[in-house]
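All the letters of the sequence shown, read from the start, carry residue numbers 166 to 390 under the numbering used here.
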Amino acid sequence: MNLFEKFGIETENEELYQIAFTHGSYSTIHHLDYNYERLEFLGDSVLSLIVSEYLYNKYPEYEEGKLTKLRANYVCQSALIFYSHELGLTEYLKVSAEESNLTKNEVLSITADIFESFLGAMFIDQGIKFAKKFISDNIFQYIDEKRVFFTDYKSAIKEYADGEGLEIEYETLNEYGVPHDKTFFISILINGKEMGVGKGKNKKEAQQEAAKIAMEKLNIGVLNE
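Dropping the structure here:
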């Protein structure tokens, strides 16, 4: 289906949306002077603002820290990838995995990126009111049903350790791969004892995985609001 018909967009600026779905590798291969990165930057802020306002109004009893953690669940990469797939945005993406030798991790990252770049284009072209309706129609349902896209195991185990007077350290065991596609192995040490080893495409991801393994070993539960 036509992008504009699908989302009820009436525009005289179709080129803006073309930019929103153009990855840098495609631009390089086809000698274009644009890609979606600037729109992604803008869309990230627009999404954060709209979701923040919704959470602020929905949970008047929550303090700043709790709202921040809750917002992170709905604007994290896993959430953005889910939104993109649900809305079928990858259908409009201009990128060639074969031509640009993209890895699986890069494809996932791009899938998340285009949700934000599309939102950025929509904000410029249609304004904040239209962007808020788009998010309301397509995202707020997951907030209302308390869908979990991300669990911060690292913060959860730190809270547990602080309460028990334990010391937590993370140690990078190994990393390999080219600069744009590395894999990290990181261990979590509790009072000097290794309690888990996590693997990830960046250090934060590996640390989260290690913390999750340690929590499972220690039988520590995580409560999600």
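Here a beta-carbon is modelled for each residue, glycine too, at the ideal position from N, C-alpha and C.
Here the structure is a predicted model, which means the values were calculated and not measured.
A straight-line Cα-Cα distance of about 19 angstroms links Leu214 and Ser243. Rounded to whole angstroms, Gln291 and Ile300 show a C-alpha spacing of 13 angstroms.
For the pair of segments examined, the region 167-178 was found not to touch the region 188-203: the number of CB pairs separated by less than 8 angstroms stays below three. The Cβ atoms of Val362 and Ala375 lie closer than 7 angstroms to each other. Contact annotation: the region 299-313 does not touch the region 356-371, with fewer than three C-beta pairs closer than 8 angstroms. The beta-carbon distance between Leu258 and Ile246, rounded to whole angstroms, is 13 angstroms. This is too long to meet the 8 angstroms contact definition. With 16 or more other CB atoms across the displayed protein chains lying within 10 angstroms of its CB, Ser249 is buried. A straight line joining the alpha-carbon of Asp209 with that of Gly285 spans about 8 angstroms. Secondary structure note for Thr233: its alpha helix (DSSP H) is the uninterrupted segment Glu229 to Val240.
Gly361 is bridged by DSSP to Ile353.
Spatial neighbours of Ala326 in its own chain (CB-CB distance under 6 angstroms, excluding positions within 5 residues in sequence) are listed in chain order as Ile333.
At a Cβ-Cβ threshold of 7 angstroms, Val211 and Phe288 count as neighbours.
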